[in-house]
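Accompanying notes for the structure given below.
Numbering (this note's numbering), first residue to last: 188 to 339.
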């Protein structure tokens, strides 16, 4: 007789290992989650969330969000990046927590900036502003990367 290991449901969906967030909650994929730098790098499809909103509305606060989604953060904002356009699951969770786009978070597709530089290679040599669509966040393309910082 073979015993199957029972897994605890993972947060925030409670579905266990078959869900998008299903992990064993072990520190097997270490990465830097916090930085003191005011600017954070964005890659591919990105969600930028105000830390205050996560503390107030996300179950377990900022620390839980960073742990569940392998996000990065500084003192003011958290950044979640995904290579595909699978940010829909994270957006759904944020909406379920009562967060509102443009008030609590915004999204960026950094590929737009990269495509602009492919069309006009001279653009890669100088920085230019990236529209974040919110007043509390500034963005800039600089040396081949998109960077964002809180300014509210």
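Glycine included, C-beta positions come from ideal geometry on N, C-alpha and C. Only a predicted model underlies this, so the values are computations on that prediction, with no experimental measurement involved.
Item, Value
"Whole-number beta carbon distance between residue 297 and residue 233, since they are thought to touch under 8 Å", "6 Å"
"Integer-rounded CB distance, given that residue 295 should sit under 8 Å from residue 275", "About 15 Å separates the two Cβ atoms, so there is no contact after all."
"Other residues of its chain near residue 245: CB distance less than 7 Å, five sequence neighbours each side excluded", "251, 252 and 284"
"Distance between beta carbons of residue 256 and residue 277, contact taken as under 8 Å", "6 Å"
"Those runs of the beta strand (DSSP E) which lie wholly inside the segment 217–295 and span at least 3 residues", "226–229, 232–237 and 264–269"
"Residues near residue 321 in its chain [Cβ-Cβ closer than 7 Å; skip 5 each side]", "289 and 293"
"Coarse secondary structure for residue 323, derived from DSSP in three states", "coil"
"Outcome for residue 338 when other beta-carbon atoms lying within 10 angstroms are tallied against a minimum of 16", "exposed"
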